[in-house]
Amino acid sequence: MRGVAAFGFASPWLLLALAGLPLLWWLLRVTPPAPRRQNFPAIRLLLGLPTKEETSARTPLWLLVLRLLAAVLLIIGLAGPLREAGSALPGQGTVLLVIDNGWAAAADWSARIAAAQGILDRAARAGRDVALLATAPSADGSPPRLSPALPVAAARARLAALAPLPWPPDRDASARALAAVRDAGIVYLADGLATGGDPAFAGALKAAGHVLELRAPVPLRLLLPPRATAAALIARMAQIPGGATPPAAILAETGDGRTLARVELRGAPGAATAERAIALPPELRNQLARLVLVGPASAGGVVLLDERWRRRPVGLAAADATAADAPLIGDLYYLRRALAPFAEIREGDLARLLASKLAVLILADRPLGEGVEAEGVARFLAQGGVLVRFAGPRLAAHPDDFLPVPLLLGDRTLGGAMSWDKPAHLAPFPPDSPFAGLPTPAEVSIARQVLAEPSARLASETWASLSDGTPLVTSAARGPGRIVLFHVTANDDWSNLPLSGLFVDMLRRIVQLSAGVAATPDATPLAPAETLDGFGVLGPPPPAARALPANALATTPAGPAAPPGLYGPENAREARNLADGLPPLAASAPIAGAQQASLAAIGRTRDFGPLLLGMALALLALDLIVSLGLRGLLRPRLAGFTLLLALPLAAHAEWPASPNPALETRLAYVVTGDGTVDQVSRAGLAGLSDYVNQRTAAALATPAAVKPGEDDLSFYPLLYWPILADAPSPSPAEVNALNDYMSHGGIILIDTRDAAAGADFNPGGAAALRRLGRELAIPPLAPLTVDHVLARTFFLLRDFPGRYDGASVWVQRDQDRSNDSVSPVIIGANDWAAAWAVDDEGHHPYAVIPGGDRQRLLAYRFGVNLVMYALTGNYKGDQVHVPAILERLGQ
Amino acid sequence: MSAAAATGRAEALAARLPPLLLAAERVAATVAQGVHGRRRVGQGDSFWQFRPFSEGDPRSRIDWRQSAKSHRVYVRETEWEAAQTCFLWRDASASMRWHSARNLSDKRARAELLLLALAALLLKAGERVRLLDSGPLAGGAAGLAGLAEALDRAPASGSANLALPGDAPLPRFARIVMFGDFLAPLDEIRTMITRLAAIPVAGFLVQTLDPAERALPYDGRIRFLGLEGEPAALIPRVEAVREAYQHRLAAQITGIADLARAARFGFFSHTTDQPPETALLALYTALA
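First to last, the sequence lines map onto chains A and B. Residue numbers 313 to 1203, in my numbering, belong to the letters of the first sequence in order. Residue numbers 9 to 296, in my numbering, belong to the letters of the second sequence in order.
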């Protein structure tokens, strides 16, 4: 019966009941059907009437057949007919079930367990005992052991206790466990991953008996630790070259499970690895805690990230710690504010800073002393640190060795009282500078600076210079580290550079340039803190896990003693991933001489019992209706009701959308054509509508998607319009529709979605707004202040954040009495829809940046104010006159 | 019965009454055209005509107001009111509440319709009508409503046999019209007729049957259930006994007809699939 579907019964002895069918037939034949019942007033005349023929009526033959058929179906259905797909059990005697339970089996673990259960079912039907062997070393460190031959029920319990483990199987040890077995029927659930012990294992299996090898068609994938570059994180995935390569997706997640990015990646069919850059703004990138492969959970699909990829601690030190904190004039005042969004700032005296791990050390006009300080900084540079220095009077007076270029003594002053010169401006950045591409604002002027000693190398070491060619920022490599010197102070004494946005961008580039936390691992033992289980979930370490030396963390092969996970003390966790110390992925060779089958086929035992029972019940229900009909008890209405009960309930029909938008108040958004943006708009307005419905007396229906020029806009009080950078210019019809909408009391909320961190997500939004807005009749605008009606229609608001925070919101400047002083257009860049958005499960799919529940709450409050403003116009504005009106009325 | 309950009852009756009364009035109106009324001078209350005074008339009968208008003296004559009370009865037993098909009225409704129609005709003709079991003496057009109300009132619970008129006292030479299915044993019917004929009264029996009771249109194995607690009858093959049943029914009808003829009572049989007008016409001509 190899490869042929086999029929069987779960409880064959029930089929004996079929022998009783002739008796049932005879009983049904001799028993007349129940008479119909009929009310009859003239019954007295019927009583005692002589009946000429006494042949009793019989059950009709077709009804008899129907009932017998129902009985047959019932008996066979209860006996549990089964159809076993796939191959039969090999060999005779004890069934030996060998299961690979290493990390590679986790991706389709449930399918494997189902297949193993199918094997156990068959063994139970065949009356064979089962012995189990899991090939991965167990979590307590013991090598794979063969269980004794167990009855199927006991084997089931052991099977249920099996779980995939986050390390590869140990096939050498498994081969030793199999050494004593002979002439067994072996079923091997292979994970398809090649290990060093494969030949010995295959030999042991062949020697032990007949082998049936089951393999899954799932492609093996292993997420490798990413490479960090200045601009992006390069996610890497290993695959078996030559195998099937369906596209994969990688999620970049924060420690609390929020997904910050998703990238698709598809490896070339012949390649062993696939790569894809994850570009994230630095402040988001610093929040990343792990990369996860989309799909079935597995330890191989999770990469934990630690400080090497994430944190860029920046140390700040100034010569005079107290004066450095002075607002607006302190040395560190501007640095602190420029760095805070994207870097972790540490302050303190230099010795303490050097003792902790830093990526960047910034010294603001602080000369370095000889001895301990100089040695510490030299060590920091030798570990790959970046030292950034700012000039100042002290440094100009006492130049030291840690400067990229030799300085001329003293400084020069431009545009002072005693000078004919004007303050100098910036020249465009040279193309090989890390600042290349940053705009050079004309308002940045340098009044005073230190001068570099001219030399041949000066030009190549200059990252930024003034328009007259004087170097402003110089840099030199010092071993693996780097020294950067700003030839001006870090406050606005010498220049207004720290006041400009350029200053923030320059610091950002420099911090990105650093290699993360510079650390040369030593032999310090690091204890496992949290480790991954086979499905890639962090948990307590297994009992066999041992502390590892820090320099061996990335090279020790994974095993019970060294599971992947986070090691080290709480404030300096180091990630150890499964891929560390694993050989390249390769597919294991099939066991020679074994019978091969697919994993999917074996578990599929079709049970026809419920189907037959259902058919029998349907026939009995039919018989009931027919019997009622024959007895005259069936009323049409009752029959219809019975049929209705018998029929499965119709699928929930979708309510058709209301054809008339005027029937309910609803918000609307402009369809941009970009599916993602439209989906965000829809989810955002739906979330806002829900919030407004909960909090206020307004009742908003599901938001509508509108296309200006095609749809009638007059039904909607508020139109949300996200601006795409590549949005096409509106057609005249669209322009007319929008202008008409604005001039007749409509409000358009225009969102360029590029405030703060959004500039990286949606670059060019502001430019697109200028392009689109040229056509529209937008009145003169002014920033939205707390005195504006919009800031006080429902909640009293001071900020108006969305997903991002900080951008000004613009409303109409003049009070237009013809439109009740209601601003027809509100322009902002905070990506409000993403903050309002709620997905089907009621979660907020988009993290707010910089974050916090408070920001989302404020975003919702702004939304409520906006809806109230749109619905009530200047009603709330008129409320300010109430005291005056009451006074005039004499009350 | 409290006043409120009585009002509610009256309203419920009023809601139900008009169709019945209207149908009865309509049936009676079509019949009245073919029959002459009793339009002559005689004892009565209502004005009939003025007649010149002639010798022998008592002076008290002179209508002075009319006489003062001319030189002659007039006597006021009233219409003859030869009012006779007609007793009506219908079978109120449970077996009358039955109809074989949805579009047929049940037997009791038909019997009551005929009763009310007859009462309407009689009242128009100036007769007095009265339900045998209960109810006040009804006269005049308003009496019809009272009669309908009395019909609707549940019969006295103590009366054991509702299928035949009880032994309520009847004045001599009264008239009685009985509606019912008269499926009781012939002996009981004979006793009833004999008792009535001995008073003596003039009687009339109207048998209301359902067409299914005449034809027994059923087939197969049927358990027949009575409506008044009779034992059930299981007939294995109804078509086999149909002929015998119809013979029995014919014998019952013939037996009643014979009994009625012997007591000089009128009798006819009526099925509910026939129009009620024909029955009423036959009844009216027979009573006139």
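From the three backbone atoms N, C-alpha and C, an ideal C-beta is built for every residue, glycine too. In this text the structure is predicted, and so the values were computed from the model without any measurement.
> Between the stretch 105-122 of chain B and chain A, which residues of the former have CB atoms less than 7 Å from a CB of the latter, in chain order?
Replying inline: W106
> Roughly how many whole angstroms lie between the Cα atoms of L291(B) and L267(B)?
Replying inline: Position 283 of the second sequence holds residue 291(B). Position 259 of the second sequence holds residue 267(B). The straight-line gap from Cα to Cα measures roughly 18 Å.
> In whole angstroms, what separates the C-alpha of P283(B) from that of D218(B)?
Replying inline: Counting from 1 along the second sequence, the entry for residue 283(B) is found at position 275. Counting from 1 along the second sequence, the entry for residue 218(B) is found at position 210. Going from the Cα of P283(B) to the Cα of D218(B) covers about 13 Å.
>> Does the CB of E238(B) have a neighbour CB from chain A at under 8 Å?
In response: In the second sequence, counting from the first residue as 1, residue 238(B) sits at position 230. At least one chain A Cβ lies under 8 Å of E238(B).
> Over what stretch of residues does the beta strand (DSSP E) that includes D433(A) continue unbroken?
Replying inline: By one-based count along the first sequence, residue 433(A) stands at place 121. Premise fails: D433(A) lies in the alpha helix (DSSP H), W421 to A438, not in any beta strand (DSSP E).
> In chain order, what residues of the stretch 331-360 of chain A put their CB closer than 9 Å to some CB of chain B?
Replying inline: P344, P345, A346, P347, R348, R349, Q350, N351, F352, P353, A354, I355, R356, L357, L358, L359 and G360
> At which residues does the alpha helix (DSSP H) containing R1082(A) begin and terminate?
Replying inline: Locating residue 1082(A) in the first sequence gives position 770, where the first residue counts as 1. G1077 to G1085 is the span of the alpha helix (DSSP H), which, as asked, contains R1082(A).
> Whose CA, out of A467(A), L471(A) and G453(A), lies closest to the CA of D482(A)?
Replying inline: The residue given as residue 482(A) occupies position 170 in the first sequence. Looking at the Cα atoms, G453(A) is the closest of the given residues.
> What are the start and end residues of each continuous beta strand (DSSP E) run of 3 or more residues lying completely inside the stretch 530-605 of chain A, in chain order?
Replying inline: 533-540, 545-551, 560-566, 571-577, 585-590 and 600-605
>> Starting from P1034(A), trace the beta strand (DSSP E) in both directions and tell me its first and last residue.
In response: Your numbering for residue 1034(A) matches position 722 in the first sequence. L1030 to P1034 is the extent of the beta strand (DSSP E) around P1034(A).
>> I want to verify the contact list: residues of chain B whose CB lies under 9 Å from the CB of P362(A), in sequence order.
In response: Translated into the one-based positions of the first sequence, residue 362(A) becomes position 50. V249 and A252, listed in chain order.
>> Quick check on G166(B) - is its C-beta less than 8 Å from some C-beta in chain A?
In response: Along the second sequence, read from residue 1 onward, the residue named residue 166(B) stands at position 158. With a pLDDT of 46 at G166(B), under the threshold of 50, the predicted position of this residue should be treated as unreliable, though the coordinate-derived value follows. False, the Cβ-Cβ gap to chain A never drops below 8 Å.
> At a CB-CB cut-off below 7 Å, which residues of chain A make contact with A2(B)?
Replying inline: Because chain B in this structure spans residues 9 to 296, residue 2(B) falls outside the shown range and cannot be described.
> How far does the beta strand (DSSP E) with R794(A) in it reach, from first residue to last?
Replying inline: Along the first sequence, read from residue 1 onward, the residue named residue 794(A) stands at position 482. Segment G793 to F798, the beta strand (DSSP E) holding R794(A).
> Can you list, in chain order, the residues of its chain whose CB lies under 7 Å from that of S745(A), leaving out five sequence neighbours each side?
Replying inline: In the first sequence, the residue the question calls residue 745(A) occupies position 433. W775 and A776.
> What residue from L707(A), S1055(A) and L501(A) has the CA that sits closest to A802(A)'s CA?
Replying inline: Along the first sequence, one-based indexing puts residue 802(A) at 490. Considering only alpha carbons, the answer is L707(A).
> Comparing the C-beta of Y226(B) with each C-beta of chain A, is any distance below 8 Å?
Replying inline: Your numbering for residue 226(B) matches position 218 in the second sequence. Cβ-Cβ to chain A under 8 Å: yes for Y226(B).
> List, in order along the chain, the chain A residues whose C-beta lies closer than 7 Å to that of F232(B)?
Replying inline: Looking up residue 232(B) in the second sequence gives position 224. Those within 7 Å of F232(B) in chain A are Q350, F352, I355 and L358.
> CB-CB under 6 Å to D420(A), same chain, minus the five flanking residues each way: which ones, in chain order?
Replying inline: Taking the first sequence and counting its residues from 1, the one referred to as residue 420(A) is at position 108. Hits under 6 Å: A528 and V530.
> Excluding the five sequence neighbours on either side, which residues of its own chain have a C-beta within less than 6 Å of the C-beta of A448(A), listed in chain order?
Replying inline: Along the first sequence, one-based indexing puts residue 448(A) at 136. Excluding sequence neighbours, A448(A) sits near N413, G414, L477 and P481.
>> Looking at the strands, I want to know which residues DSSP matches up with M186(B).
In response: Within the second sequence, residue 186(B) is the residue found at index 178, counting from 1. DSSP lists W97(B) and L213(B) as partners of M186(B).
> Using a beta-carbon distance below 8 Å, is R256(B) in contact with chain A?
Replying inline: Position 248 of the second sequence holds residue 256(B). Interface residue, yes.
> Could you give the residue range of the alpha helix (DSSP H) that holds V1179(A)?
Replying inline: Position 867 of the first sequence, counted from the first residue, corresponds to residue 1179(A). Note, V1179(A): alpha helix (DSSP H), D1165 to T1184.
> Do you know offhand how far D780(A)'s Cα is from L666(A)'s?
Replying inline: To locate residue 780(A), count along the first sequence from 1; it is residue 468. To locate residue 666(A), count along the first sequence from 1; it is residue 354. Cα to Cα, D780(A) sits roughly 37 Å from L666(A).
>> Restricting to Cα atoms, I'd like to know which of F1107(A), G1114(A), R724(A) and L1093(A) is closest to Q1127(A).
In response: As a working mapping, residue 1127(A) is identified with position 815 in the first sequence. Here the closest residue by C-alpha is L1093(A).
> If you draw a straight line from the C-alpha of A416(A) to the C-alpha of A1078(A), how long is it?
Replying inline: Mapped onto the first sequence, residue 416(A) falls at position 104. Mapped onto the first sequence, residue 1078(A) falls at position 766. Answer to the nearest angstrom: the Cα atoms are 48 Å apart.
> Mapping DSSP to helix, strand and coil, what is A269(A)?
Replying inline: With chain A running from 313 to 1203 in the structure shown, residue 269(A) is simply not present.
> What residues from chain A crowd round D297(B), counting only those whose CB sits closer than 8 Å?
Replying inline: This structure does not reach residue 297(B), given that chain B is present from 9 up to 296, and the question cannot be answered.
>> Considering Cα atoms alone, identify which of R256(B), R231(B), P60(B) and A240(B) is closest to V246(B).
In response: Mapped onto the second sequence, residue 246(B) falls at position 238. Nearest of R256(B), R231(B), P60(B) and A240(B) to V246(B), Cα basis: R231(B).
> Since I1197(A) is in the alpha helix (DSSP H), which residue starts that stretch and which ends it?
Replying inline: If you number the first sequence from 1, residue 1197(A) lands on position 885. First-last of the alpha helix (DSSP H) with I1197(A): V1194 to R1200.
> Rounded C-beta distance between L738(A) and V756(A)? I'm assuming under 8 Å.
Replying inline: By one-based count along the first sequence, residue 738(A) stands at place 426. By one-based count along the first sequence, residue 756(A) stands at place 444. Rounded, the Cβ-Cβ distance is 5 Å, consistent with contact.
> Considering only residues of the stretch 262-292 of chain B, which uninterrupted beta strand (DSSP E) runs meet the minimum length of 3 residues and lie entirely inside it, listed in chain order?
Replying inline: 274-279
> Skipping 5 residues on each side, what residues in its chain have a beta carbon closer than 6 Å to that of L130(B)?
Replying inline: In the second sequence, the residue the question calls residue 130(B) occupies position 122. Taken in chain order, the residues that qualify are C94 and V137.
> For W1148(A), which three-state DSSP category applies?
Replying inline: Translated into positions along the first sequence, residue 1148(A) becomes position 836. Looking at W1148(A) - three-state DSSP - the assignment turns out to be helix.
>> Give me the residue from D804(A), A492(A), I1059(A) and E842(A) with the minimum Cα distance to I1139(A).
In response: What you label residue 1139(A) is simply residue 827 of the first sequence in a count that begins at 1. Measuring from the Cα of I1139(A), the nearest candidate turns out to be I1059(A).
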